[in-house]
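Residue numbers (my numbering), protein chains in the order written: chain D, 9 to 218; chain L, 20 to 170.
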């Protein structure tokens with residue numbers, strides 16, 4: 009995923025002053041930052057603190073990211089570093105140490121980060137692909153994955169479409185989703201976590217203490 | 020990726036992606052969006068180029084708090100800012116030395132201003148809440164802002 013044109017374009021536009029591009033980047037990757045903070049079991053105020061710091065650092069680094077496509081990896085490692093900083097600060101008042109860290113083997117965070125970045129990229133691509141679908145498809149798929157799932161009879165009454173065509177329409181909509189440029193870009197990219205390693209070696213400019 | 024999945028797998032993955040997005044509180048996302056207000060402020064950015072903790076190859080100890088002084092260096096084309104962090108204060112120095120003022124900024128905005136003496140030195144006490152950045156103006160018209168600092 010080193011050359012996802014969507015991410016590269018968003019970073020370039022945000023760097024050049026396009027606020028909408030920035031908003032889209034935050035929308036895309038806030039779930040990644042949020043999920044890492046939750047993994048460290050931070051309190052809500054601490055999560056807000058980490059989130060703000062991470063986005064501030066990114067605003068500052070927009071012009072310096074050597075591999076814009078490696079942004080998710082950069083965000084993940086930066087979020088993790090800020091979470092650890094918050095936990096360290098908390099420990100000054102708590103001599104028992106953090107249960108989160110002491111349970112982890114040294115390799116565990118790196119492996120987790122790689123998985124989280126891959127999942128975040130996949131999720132972002134799926135959401136982008138979903139947003140590109142025609143409204144009728146979005147409506148139908150939303151009802152099919154609703155919690156609790158709706159019955160075909162309910163869907164037929166709400167949309168409205170004949171029960172007999174729900175199955176074929178579902179297949180057509182999913183096929184459209186599968187062929188959307190966002191998802192195709194993902195499967196074409198080299199998706200082996202290299203973006204994460206890249207971000208780790210390239211983020212010296214973003215290391216603001218901690 | 021997506022093209023090797025059958026319909027059930029794709030639907031399940033879509034469901035999970037939308038769930039992950041819904042799990043994030045709207046305020047958390049809004050706070051991230053508002054960080055853009057800090058983009059392109061009118062000063063040259065001084066990057067962190069040296070951090071005694073990072074660059075001495077020593078990772079910060081989790082178990083024992085050492086009392087050693089931490090040193091940070093921020094570098095821009097026109098000005099270098101050195102910072103020493105002690106227990107309850109910061110001591111800074113501009114290189115080359117120049118008289119001016121340092122504004123301390125936190126996410127909430129500017130919280131204090133401190134003068135820079137003729138040797139380029141400036142004390143900051145107490146240590147500001149993290150993260151913070153230093154906005155330096157010298158009398159010769161140089162304006163430099165450091166990257167965000169978290170201690």
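The C-beta atom is built at its ideal place from N, Cα and C for all residues, glycine as well.
*Burial state of residue 7/L, where buried means 16 or more other Cβ atoms lie within 10 Å*: Outside the modelled stretch of chain L, which goes from 20 to 170, sits residue 7/L, for which no answer is possible.
*In angstroms, rounded to a whole number, what distance separates the CA positions of residue 168/D and residue 39/L?*
29 Å
*the stretch 76-91 of chain D contacting the stretch 40-50 of chain D, beta-carbon criterion three pairs below 8 Å*: yes
*residue 15/D by DSSP, collapsed to three states: which one?*
helix
*Hey, could you find the ends of the beta strand (DSSP E) residue 131/L is sitting in?*
128-135
*Could you please give me the residues that DSSP links to residue 89/L through a beta bridge?*
104/L
*Where do the ends of the alpha helix (DSSP H) carrying residue 39/D lie?*
27-47
_Quick check: what's the CA-CA separation for residue 102/L versus residue 33/D?_
33 Å
_With a threshold of 7 Å between beta-carbons, can residue 47/L be considered close to chain D, or not?_
yes
*State yes or no: is the C-beta of residue 63/D within less than 7 Å of the C-beta of residue 51/L?*
yes
*Report the partner residues of residue 140/D according to the DSSP bridge assignment.*
Answer is none; residue 140/D lacks a bridge partner.
_7 Å Cβ shell around residue 122/L - same chain, five flanking residues per side excluded_ = 129, 132, 154
*If we count the other Cβ atoms within 10 Å of its Cβ and call it buried at 16 or more, is residue 106/L buried or exposed?*
exposed
*Following the continuous beta strand (DSSP E) through residue 142/L, name the residue where it begins and the one where it ends.*
140-143
*chain L partners of residue 25/D, CB-CB under 9 Å?*
58, 59
*Mind checking who residue 152/L pairs with in its DSSP beta bridge?*
124/L
*Taking the continuous alpha helix (DSSP H) assigned at residue 72/L, which residues delimit it?*
71-74
*Closest to residue 139/D by CA distance: which of 97/L, 37/L, 157/L is it?*
37/L
*Closest to residue 57/L by CA distance: which of 56/D, 30/D, 50/D, 67/D is it?*
67/D
_Quick check: the Cα distance between residue 97/D and residue 156/L, rounded to an integer number of angstroms?_
31 Å
*Per-residue contacts from residue 28/D into chain L (C-beta, under 9 Å)*: Simply none; closest approach about 10 Å.
*Using the beta-carbon of each residue, which ones in chain L are nearer than 8 Å to residue 68/D?*
57, 64, 166, 167
*asked:* Quick check on residue 172/D - is its C-beta less than 7 Å from some C-beta in chain L?
replied: no
*For the 8 Å Cβ check, are there 3 or more pairs between the stretch 20-32 of chain D and the stretch 23-35 of chain L?*
no
*Within the 7 Å Cβ cut-off, does residue 44/D reach chain L?*
no
*asked:* In this structure, how does DSSP classify residue 118/D when only helix, strand and coil are distinguished?
replied: helix
_By DSSP's criteria, residue 63/L is part of a beta bridge. Which residues make up the other side?_
163/L
*asked:* On a Cα-Cα basis, can you pick out the residue from 194/D, 150/D, 157/D that is closest to residue 182/D?
replied: 150/D
*Among 144/L, 137/L, 151/L, which residue has its Cα nearest to the Cα of residue 126/L?*
151/L
_Opening and closing residue of the beta strand (DSSP E) in which residue 111/L lies_ = 109-114
*Going by CA-CA distance only, name the one from 135/L, 96/L, 90/L that's closest to residue 62/L.*
96/L
*asked:* In whole angstroms, give me the CA-to-CA distance for residue 20/D and residue 70/D.
replied: 8 Å
*Give a yes or no on whether 7 Å exceeds the smallest Cβ distance from residue 36/L to chain D.*
yes
_Collapsed DSSP secondary structure at residue 154/D in the structure displayed_ = coil
*So is residue 29/L in contact with chain D if we call contact Cβ pairs under 7 Å?*
yes
*Any idea what DSSP makes of residue 175/D, helix, strand or coil?*
helix
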